[in-house]
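Numbering (UniProt numbering), first residue to last: 1 to 58.
Glycine residues also receive a C-beta, built at the ideal position from the N, C-alpha and C atoms.
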């Protein structure tokens, strides 16, 4: 599958959580309109590989 990374912030404290939730909501709506499938699963395909992970940069 294809992968994409996007940035949120800068944010301070618990505001970062709000930014993540809003970003995920917008990402879901945009992919819905574009007719593509969105998966937030860190390892969407079984196998012996590292997967996508879920790293954060604040």
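- Message: Check for me: the alpha helix (DSSP H) holding residue 33 runs from which residue to which?
- Response: 15-34
- Query: Would the beta-carbon of residue 37 be found less than 7 Å away from any heavy atom of the ligand NAP?
  - Reply: Ligands are entirely absent from the displayed structure, and the ligand NAP is therefore not among its contents.
- Message: Could you check whether the Cβ of residue 45 sits closer than 8 Å to any Cβ belonging to chain B?
- Response: Looking for chain B here will not work: only one protein chain is present.
- Item | Nearest-angstrom Cβ-Cβ length linking residue 34 and residue 6, presumed shorter than 8 Å | With 8 Å as the limit, residue 34 and residue 6 do not qualify as a contact, their Cβ atoms being about 15 Å apart.
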